[in-house]
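See below for the structure under consideration.
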Amino acid sequence: QWSTCWEQKRTPWDRGGPSVALSDLLAQRSEPSGYPSEDTMGRKKQQTVLVPGCERGHDVL
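Take the sequence shown: its position 31, counted from the start at 1, is 31 in UniProt numbering, and no numbers get skipped.
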């Protein structure tokens with residue numbers, strides 16, 4: 001049934017953006033993953049967040 005809803009674009013569970021809780025967490029913490037966000041040369045490293053079942057991927061950062 002989920003596949004049918006997805007194919008027919010009936011996705012009322014999709015908020016159309018990242019979850020408020022995840023956005024708030026990332027805004028509050030400089031190191032949300034617990035790992036440094038810069039390498040040893042001071043260059044920014046890309047941080048990643050895994051959100052299982054992320055639907056359209058709005059929470060994928």
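By construction, the Cβ of each residue, glycine as well, lies at the ideal position given by its N, Cα and C atoms.
Task: Rounded straight-line distance, which links the Cα of residue 12 to that of residue 29 - done: C-alpha of residue 29 to C-alpha of residue 12: approximately 30 Å in a straight line.
TODO: Give me the Cα-Cα distance between residue 43 and residue 10, rounded to the nearest whole angstrom.
DONE: 42 Å
Task: residue 24 versus residue 39: straight-line alpha-carbon distance, rounded - done: 24 Å
- [ ] Give the DSSP bridge partners of residue 38, in chain order.
- [x] Paired residue(s): 44.
Open item on the list: Could you check whether residue 3 and residue 51 sit closer than 9 Å to each other, using their CB atoms as the reference points?
Closed with: Not a contact, by the Cβ cut-off of 9 Å.
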